[in-house]
Amino acid sequence: MPASAGTALAAFGAIFLLTGQAGPSASADLRGAGGGDRGGGVGGEKVQFAAAQAVIVQRCATCHAAKPTDPAFPAAPLGVRLDTPESILTLAARIEARAVIQKSMPLANKTQMTESERELLGRWIAQGAEGK
529 MPASAGTALA AFGAIFLLTG QAGPSASADL RGAGGGDRGG GVGGEKVQFA AAQAVIVQRC
589 ATCHAAKPTD PAFPAAPLGV RLDTPESILT LAARIEARAV IQKSMPLANK TQMTESEREL
649 LGRWIAQGAE GK
């Protein structure tokens with residue numbers, strides 16, 4: 529295998545491992561991660577806590593609250609509550625893991641969290657998950 533082909537294959541593998549995607553959209557995502565004109569990365573436009581909180585209230589707190597509004601849950605699953613600023617800040621790493629990276633929450637995407645909402649949460653967390 530020529531060196532250039534091996535380098536290209538290694539780059540493709542790195543993109544897939546970092547993003548879980550293959551193809552042009554993966555490299556576009558990596559370009560945006562630096563905070564270019566898309567405002568996508570840590571250096572991009574600052575994501576305010578209020579914006580992150582609005583997504584979490586709409587998409588997560590229907591189940592993860594002291595009194596869930598989703599009739600399927602009489603109490604917050606696993607006791608995880610995301611209905612106060614303090615709990616959101618405390619659980620930012622868990623939000624990142626489940627909603628941004630794994631995309632396993634919301635469960636079966638029951639509240640229809642959009643990819644742009646996941647990206648917003650990811651940027652807020654990457655920028656330090658600052659509150660208020």
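The sequence shown begins at 529 in the working numbering and counts up one residue at a time.
All residues carry an ideal CB built from backbone N, CA and C; glycine is no exception.
If only uninterrupted beta strand (DSSP E) runs of at least 3 residues are considered, none is enclosed by the stretch 613 to 641. With fewer than 16 other beta carbons inside 10 angstroms of its own, glycine 656 counts as exposed.
Distances from the CA of glycine 607 to each of Thr639, Pro596, Ala621 were compared; the closest alpha carbon is that of Pro596. Contact between leucine 649 and alanine 580 holds, with the beta-carbon distance rounding to 6 Å and staying under 8 Å. With 16 or more neighbouring CB atoms inside 10 Å of its own CB, isoleucine 616 falls in the buried class. For valine 583, the secondary structure class from DSSP, reduced to helix, strand or coil, is helix. Residues Met641, Glu645, Leu648, Leu649 of the same chain have their beta carbon placed closer than 8 Å to that of valine 583, with the five preceding and five following residues left out of the count.
Shown here for threonine 590: same chain residues with a beta carbon closer than 7 Å to its own, the five before and five after excluded, namely Pro596, Thr597, Asp598, Thr639 in chain order. The three-state reading of DSSP puts leucine 648 in helix, counting H, G and I together. Around the beta carbon of arginine 651, a 10 Å sphere encloses 16 or more other beta carbons of the protein chains shown; the residue is thus reported as buried. Leaving aside the five residues that flank isoleucine 653 on each side, the residues in its chain whose CB is nearer than 6 Å to its CB run, in chain order, Ala620, Glu624.
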